[in-house]
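These notes concern the structure reproduced below.
Numbering (the numbering used here), first residue to last: 6 to 193.
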């Protein structure tokens, strides 16, 4: 693995640890992170066809891998910085899950440095529930998610709690706890 890919993974891990786990945005991320059940796959292309080919292979590997808790972060280190282009890739990726007949087995989650929920201002802290240092496609096995949610009170309320958490941070805390980690550091 190249030094650049190692730096991208290190930045991603720091974001997971400090933002996702540190602010408890994903209440079951800590266990998966601690148990090293996350596969980090760095792709340095903006070619949609290539990304979909890699995604299809990764889906197959994830499903056949025999590790029900395993998850994959496909990190798009140099491509898809344009949010609309990324959303197109994400939509095609979700269609691929349907086409391959695995949409009941694997979920695809979306993270991007410019993530913006429809109707939100770009500066709304709520957007940072899905902002990350790099564009990412997160592949989660449905059985793992289902098993993890059994122990979570009001799992449907997670997004609302995350938005409330981020909006409640002071400017200084938001800068220190979120912005420092959620923006790309392309000088890796």
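The beta carbon of each residue, even a glycine, is placed where N, CA and C say it ideally should be.
Beta-bridge pairing of residue i - partner residues as DSSP gives them
i	result
residue 44	77
residue 188	BP columns for residue 188 are empty, so no partner.
residue 142	79, 115
Backbone secondary structure at residue i - three-state DSSP
i	result
residue 55	helix
residue 98	helix
residue 193	Unreliable positioning characterises residue 193 in this predicted model, as indicated by a pLDDT of 43, which lies under 50. The coordinate reading is nonetheless provided below. Coil at residue 193, not helix or strand.
residue 31	coil
residue 38	helix
residue 13	helix
residue 167	helix
Alpha carbon of residue i to alpha carbon of residue j, nearest angstrom
i	j	result
residue 71	residue 36	18 angstroms
residue 115	residue 158	23 angstroms
residue 193	residue 103	Summary for residue 193: the model assigns pLDDT 43, below 50, so the residue's position carries little reliability, and this model does not support an answer.
residue 95	residue 176	31 angstroms
residue 121	residue 75	28 angstroms
residue 171	residue 31	13 angstroms
residue 144	residue 178	30 angstroms
residue 45	residue 23	17 angstroms
residue 52	residue 163	33 angstroms
residue 134	residue 69	30 angstroms
residue 67	residue 146	8 angstroms
residue 148	residue 124	32 angstroms
Buried or exposed (CB count within 10 angstroms, at least 16 for buried), residue i
i	result
residue 156	exposed
Proximity test, Cβ basis, 8 angstroms: residue i and chain B
i	result
residue 59	No chain B is part of this structure, which consists of one protein chain only.
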